[in-house]
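Protein chains in written order, with my numbering: chain A, 1 to 200; chain B, 1 to 200; chain C, 1 to 200; chain D, 1 to 200.
4 protein chains.
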Amino acid sequence: MAKIERKSIAEIRKEEIILAFINVVAEKGFSKATTREIAKAADCSLGMLHHYFKNKDQMIRESMDYTIAAYKIDFDKMISDYDTAEDQLKAFINSLIELDAFNIAWAKIFHEFRASTKIDPENIIVILKYHDQDKAFIGNIIKRGIESGEFKDNIQESTIDMILGSAYGILSLWFIDQNTVSLKEMGKQHSEMVINFLRR
Amino acid sequence: MAKIERKSIAEIRKEEIILAFINVVAEKGFSKATTREIAKAADCSLGMLHHYFKNKDQMIRESMDYTIAAYKIDFDKMISDYDTAEDQLKAFINSLIELDAFNIAWAKIFHEFRASTKIDPENIIVILKYHDQDKAFIGNIIKRGIESGEFKDNIQESTIDMILGSAYGILSLWFIDQNTVSLKEMGKQHSEMVINFLRR
Amino acid sequence: MAKIERKSIAEIRKEEIILAFINVVAEKGFSKATTREIAKAADCSLGMLHHYFKNKDQMIRESMDYTIAAYKIDFDKMISDYDTAEDQLKAFINSLIELDAFNIAWAKIFHEFRASTKIDPENIIVILKYHDQDKAFIGNIIKRGIESGEFKDNIQESTIDMILGSAYGILSLWFIDQNTVSLKEMGKQHSEMVINFLRR
Amino acid sequence: MAKIERKSIAEIRKEEIILAFINVVAEKGFSKATTREIAKAADCSLGMLHHYFKNKDQMIRESMDYTIAAYKIDFDKMISDYDTAEDQLKAFINSLIELDAFNIAWAKIFHEFRASTKIDPENIIVILKYHDQDKAFIGNIIKRGIESGEFKDNIQESTIDMILGSAYGILSLWFIDQNTVSLKEMGKQHSEMVINFLRR
DNA sequence: TATGAATGAGACTTCATTCAT
DNA sequence: GATGAATGAAGTCTCATTCAT
Numbered sequence: 001m002a003k004i005e006r007k008s009i010a011e012i013r014k015e016e017i018i019l020a021f022i023n024v025v026a027e028k029g030f031s032k033a034t035t036r037e038i039a040k041a042a043d044c045s046l047g048m049l050h051h052y053f054k055n056k057d058q059m060i061r062e063s064m065d066y067t068i069a070a071y072k073i074d075f076d077k078m079i080s081d082y083d084t085a086e087d088q089l090k091a092f093i094n095s096l097i098e099l100d101a102f103n104i105a106w107a108k109i110f111h112e113f114r115a116s117t118k119i120d121p122e123n124i125i126v127i128l129k130y131h132d133q134d135k136a137f138i139g140n141i142i143k144r145g146i147e148s149g150e151f152k153d154n155i156q157e158s159t160i161d162m163i164l165g166s167a168y169g170i171l172s173l174w175f176i177d178q179n180t181v182s183l184k185e186m187g188k189q190h191s192e193m194v195i196n197f198l199r200r
Numbered sequence: 001m002a003k004i005e006r007k008s009i010a011e012i013r014k015e016e017i018i019l020a021f022i023n024v025v026a027e028k029g030f031s032k033a034t035t036r037e038i039a040k041a042a043d044c045s046l047g048m049l050h051h052y053f054k055n056k057d058q059m060i061r062e063s064m065d066y067t068i069a070a071y072k073i074d075f076d077k078m079i080s081d082y083d084t085a086e087d088q089l090k091a092f093i094n095s096l097i098e099l100d101a102f103n104i105a106w107a108k109i110f111h112e113f114r115a116s117t118k119i120d121p122e123n124i125i126v127i128l129k130y131h132d133q134d135k136a137f138i139g140n141i142i143k144r145g146i147e148s149g150e151f152k153d154n155i156q157e158s159t160i161d162m163i164l165g166s167a168y169g170i171l172s173l174w175f176i177d178q179n180t181v182s183l184k185e186m187g188k189q190h191s192e193m194v195i196n197f198l199r200r
Numbered sequence: 001m002a003k004i005e006r007k008s009i010a011e012i013r014k015e016e017i018i019l020a021f022i023n024v025v026a027e028k029g030f031s032k033a034t035t036r037e038i039a040k041a042a043d044c045s046l047g048m049l050h051h052y053f054k055n056k057d058q059m060i061r062e063s064m065d066y067t068i069a070a071y072k073i074d075f076d077k078m079i080s081d082y083d084t085a086e087d088q089l090k091a092f093i094n095s096l097i098e099l100d101a102f103n104i105a106w107a108k109i110f111h112e113f114r115a116s117t118k119i120d121p122e123n124i125i126v127i128l129k130y131h132d133q134d135k136a137f138i139g140n141i142i143k144r145g146i147e148s149g150e151f152k153d154n155i156q157e158s159t160i161d162m163i164l165g166s167a168y169g170i171l172s173l174w175f176i177d178q179n180t181v182s183l184k185e186m187g188k189q190h191s192e193m194v195i196n197f198l199r200r
Numbered sequence: 001m002a003k004i005e006r007k008s009i010a011e012i013r014k015e016e017i018i019l020a021f022i023n024v025v026a027e028k029g030f031s032k033a034t035t036r037e038i039a040k041a042a043d044c045s046l047g048m049l050h051h052y053f054k055n056k057d058q059m060i061r062e063s064m065d066y067t068i069a070a071y072k073i074d075f076d077k078m079i080s081d082y083d084t085a086e087d088q089l090k091a092f093i094n095s096l097i098e099l100d101a102f103n104i105a106w107a108k109i110f111h112e113f114r115a116s117t118k119i120d121p122e123n124i125i126v127i128l129k130y131h132d133q134d135k136a137f138i139g140n141i142i143k144r145g146i147e148s149g150e151f152k153d154n155i156q157e158s159t160i161d162m163i164l165g166s167a168y169g170i171l172s173l174w175f176i177d178q179n180t181v182s183l184k185e186m187g188k189q190h191s192e193m194v195i196n197f198l199r200r
């Protein structure tokens, strides 16, 4: 979607609706993201929604796809600022955790979505695609770290899953309990712990 | 669960309904856990549910309380089998991860519940109570570990949050992607990583 | 019911339930007078209610009958204190209006009942019986007033209806708007107005 | 009712539903005025009702407001036909009482509504607004009567309440007992009684 | 293309009534 | 006689989806 330079009106409309959906989910949560609310946020009619999306599930899926695509770019850009695998990994984990306004929306939508109780097989595929992207990212950093000698060389595939899951988890914990828990502190320690674990 | 020796019929019925609710949530997810479905699972009428529970929210909360109470016992029992803080912590993390049939239902209901977007302030209190229980548990183990000299003595409060969050996270990851990801492997590495981080 | 000196247990139970019903209606209004609430107020089981009363409607009817019978006595007693028709009529209207704690319950139950939206033909019969009692009462006073020369002699049957209706009305007005409206003042003026109208 | 020249479809539909509600209440009483029944009377779906009204209570309130607004016009028109305060007051009381088919629905809905035990504070406000309108109306007539010398000059505020309450009351009596009681006769005598009371 | 009125399935909840114990 | 667990019909309300305009 983001690859095509010249967008048709239809694509623009779809994008508007998708952004509206993301905003509603981020602000009010998944359960409040009714078609009415989304249409209102997108400043369009209910009929428009169904004109561009077969049904709500399809809209959800495309919203996920859109978000994944949008973030792929950011990640790649981010990595270029750091030299060592250690710093790159830290930066990645921090990117999950040092949330600015936009990141919060992004993180929350994934949190809500992953947690969504309406997950049907089709939707799960999209989530897994997102996971795969993050895994590939971590995987690449680790690979480079092994090659450069920063990390130990017996790191398993499942370690990536573990790192990713644990990072998601501290984020989820914070979403539920923002009063007691410090995301920044947790993030800092998590990075340290992970690096500690990977280092030779 | 086994606290009260002689249970009244009302208590038995409530327990039946709670177990039915837990099973429905575990099997079909939160959004499918309609009152109708729960009544069906509990093999009773719709009216019955409201005979024992003021409304669905109260039923949810009591189900959470029930589960929390049930697991408190298991945790306490579990700890007594191990001597070192390290082993105790490993055992605790494993208890989150080496899921048997009952544990899966338990873990999933918490996962779904934590994730539920319909969470109202009352419900969050219940979740936080559960978090607090887990935090206190980890905190005690760490305290003993520091006292015995197993763990370094500059461990912060937020470390507990981080450990708990990361443990929840790998579980959540597995719930979404049970095919690709090995819970056992992740758990093993997570334990190792955490212990590594705490050790002097 | 009140005529029989020695009451059976069944009659006592019925009376208890009826009084409970009256109290619930008076305190919480007709719509809150559920069978559960009544059983609770009567300190008996739900089953008891239906053991003594075929259904709720029958219970309502018998409660009305009970109240009518109970009040017949009070009215007759009241009249004996006054000599002139004018004073008797004033006293009657005041009895509707100078409400003590018990009268409020009584008045409110009739107000609620007359106003009840569930009026079926059977229930209306009971209300009309109550109206007839009041009409007969007013009629007798007027008759004596005509005979004694206090009142003009061309008073029609419908005048009685009009007096009764207007008295009910100011009571109903007060039930709705107790803050702005003075029942005492209205009652005083109403009496005066009626007497004025009847006097030769 | 005829205030707005060009009505939107939404306004027309709302009006249709309101009229359907009024008719159902008038014909079958408040308790039978279920959303299903109203939808049936308005020849629309259940969902439609909630498309135009947030909930049933709002529908009730708007129906009251509608009726109040509709009648305000009639009252103002009516007054212009009479010169003396006496005739105006008689005309007003008659307007409550000489019921044609439409008036019956109107009067009954007020009777039912005033009587409704489900009255919440919001609803009471609407009723009191209606009462205030009638009180202001009577008050103005009386004021003119005093100024013109027709009425005595020591008439109190509470007299208005009393007149209004008594007028409502004879109407309520008739609603319950339409067979025995003559509304016309009662109304005639009530007017006479009231005028008698106010005259110098 | 665009709208939003309209639908209907299904959610939660209440309550009079029944019936096994 | 007495209980209250259990029922099921009916009520209000929500929401994704459709369709005439």
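Quick reminder that beta carbons are idealized off the backbone N, C-alpha and C, glycines included.
{"query": "is_contact[residue 196 of chain D, chain C] using C-beta, thresh 7 Å", "result": "yes"}
{"query": "Contact set for residue 8 of chain B: own chain, Cβ-Cβ below 6 Å, skip 5 residues either direction", "result": "none"}
{"query": "Reference residue 135 of chain B; option with closest CA among B:125, B:149, B:158 and B:154", "result": "B:158"}
{"query": "Sequence-distant residues of the same chain with beta carbon closer than 6 Å to residue 145 of chain C, five excluded per side", "result": "85 and 151"}
{"query": "Status (buried if at least 16 other CB within 10 Å, exposed otherwise) for residue 67 of chain A", "result": "buried"}
{"query": "Under the three-state DSSP convention, the category residue 13 of chain B falls into", "result": "helix"}
{"query": "Within 7 Å of chain C by C-beta, residues of the segment 168-189 of chain D in sequence order", "result": "168, 169, 170, 172, 173, 176, 177, 181, 182, 185, 186 and 189"}
{"query": "Given 8 Å, three or more beta-carbon pairs between the segment 186-194 of chain A and the segment 10-17 of chain B", "result": "no"}
{"query": "Limits of the alpha helix (DSSP H) - the one that residue 165 of chain A falls within", "result": "157-176"}
{"query": "Proximity test, Cβ basis, 7 Å: residue 161 of chain B and chain A", "result": "yes"}
{"query": "Residues of its chain near residue 48 of chain C, where Cβ-Cβ distance is below 8 Å and the 5 sequence neighbours each way are ignored", "result": "13, 17, 39 and 42"}
{"query": "Member of A:143, A:142, A:164 and A:109 whose CA lies at the smallest distance from the CA of residue 26 of chain A", "result": "A:109"}
{"query": "Contact with chain D by residue 158 of chain C, beta-carbon distance below 7 Å", "result": "yes"}
{"query": "Host alpha helix (DSSP H) of residue 144 of chain C (start-end)", "result": "121-148"}
{"query": "7 Å Cβ shell around residue 22 of chain A - same chain, five flanking residues per side excluded", "result": "63, 67, 105 and 109"}
{"query": "Among A:65, A:69, A:95 and A:70, nearest to residue 79 of chain A - alpha-carbon criterion", "result": "A:95"}
{"query": "Distance between residue 89 of chain C and residue 197 of chain C (C-alpha atoms, nearest Å)", "result": "12 Å"}
{"query": "For residue 199 of chain C: DSSP bridge partner residues", "result": "C:151"}
{"query": "Whether residue 206 of chain C touches residue 170 of chain C by CB criterion (7 Å)", "result": "Residue numbering for chain C in the displayed model covers 1 to 200; residue 206 of chain C lies beyond these limits and cannot be assessed."}
{"query": "Residue 128 of chain A beta carbon near the ligand SAH (any heavy atom closer than 6 Å)", "result": "Among the components modelled here there is no ligand, and therefore nothing to report on the ligand SAH."}
{"query": "Straight-line Cα distance separating residue 140 of chain A from residue 153 of chain A", "result": "14 Å"}
{"query": "Inter-residue spacing [alpha-carbon to alpha-carbon] between residue 122 of chain A and residue 60 of chain A", "result": "10 Å"}
{"query": "C-alpha distance - residue 65 of chain D paired with residue 75 of chain A, whole-angstrom precision", "result": "59 Å"}
{"query": "Cβ shell of residue 201 of chain D (< 6 Å), same chain only, five flanking positions each side left out", "result": "It is not possible to answer for residue 201 of chain D, since the shown part of chain D is limited to 1 through 200."}
{"query": "Under the three-state DSSP convention, the category residue 47 of chain B falls into", "result": "helix"}
{"query": "Residue 173 of chain D classed as buried or exposed, judged by whether at least 16 other C-beta atoms fall within 10 angstroms", "result": "buried"}
{"query": "Beta carbon of residue 166 of chain A nearer than 7 Å to that of residue 166 of chain B", "result": "yes"}
{"query": "Whole-angstrom distance between residue 56 of chain C and residue 58 of chain D, CA atom to CA atom", "result": "30 Å"}
{"query": "Whole-angstrom C-beta distance between residue 163 of chain A and residue 194 of chain A, which should lie under 8 Å", "result": "6 Å"}
{"query": "Between the CA atoms of residue 53 of chain D and residue 35 of chain D - distance to the nearest angstrom", "result": "11 Å"}
{"query": "Cβ-based burial, residue 114 of chain C [other Cβ within 10 Å; buried from 16]", "result": "buried"}
{"query": "Amino acids of chain A, ordered along the chain, whose beta-carbon sits closer than 8 Å to that of residue 131 of chain B", "result": "173, 176 and 177"}
{"query": "Listed by chain order, chain A residues near residue 166 of chain B by CB distance under 7 Å", "result": "166, 169, 170 and 190"}
{"query": "Closer than 7 Å at the beta carbon, the chain D residues around residue 128 of chain C", "result": "177"}
{"query": "Beta-carbon neighbours of residue 124 of chain B, restricted to chain A and to distances below 9 Å", "result": "176 and 177"}
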